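Q:
Residue numbers (our numbering): 18 to 108.
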């Protein structure tokens, strides 16, 4: 079974997320035992950022890590689970 990073690498529209995970040094963490659920922003979502924002984030490891970990939950959450929850704690 693939981990989060392997899945992102193999998913065509998550190339920016992979680049961001690498820039934030989160690859080892998200390749770990988990389980983790990532609410993964697609390349299209990253493209909606204002001009220059992504480049700035990729240079600001602290802020990038904060934003990316906001999209990661500890545990395995399926779509049916998420629909029933009001709040999911993120890492």
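Just so it is clear, CB atoms sit at the ideal spot from N, CA and C, and this is done for glycine as well. Note that the structure is predicted; figures quoted are calculated from it, not measured.
Distance check for residue 78 and residue 18, CA to CA, integer angstroms please.
A: Going from the Cα of residue 18 to the Cα of residue 78 covers about 29 Å.
Q: What is the DSSP secondary structure of residue 56, reduced to helix, strand or coil?
A: Coil at residue 56, not helix or strand.
Q: For a minimum of 4 consecutive residues, which ranges assigned as the alpha helix (DSSP H) are wholly contained in the segment 66 to 93?
A: Listed in chain order, they are 70 to 76, 78 to 87.
Q: Classify residue 90 as buried or exposed, calling it buried when 16 or more other Cβ atoms lie within 10 Å of its own Cβ.
A: Flag for residue 90 reads buried.
Q: Would residue 25 and residue 85 be called neighbours here (beta carbons separated by less than 8 Å)?
A: In this structure, residue 85 does not lie closer than 8 Å to residue 25 by Cβ.
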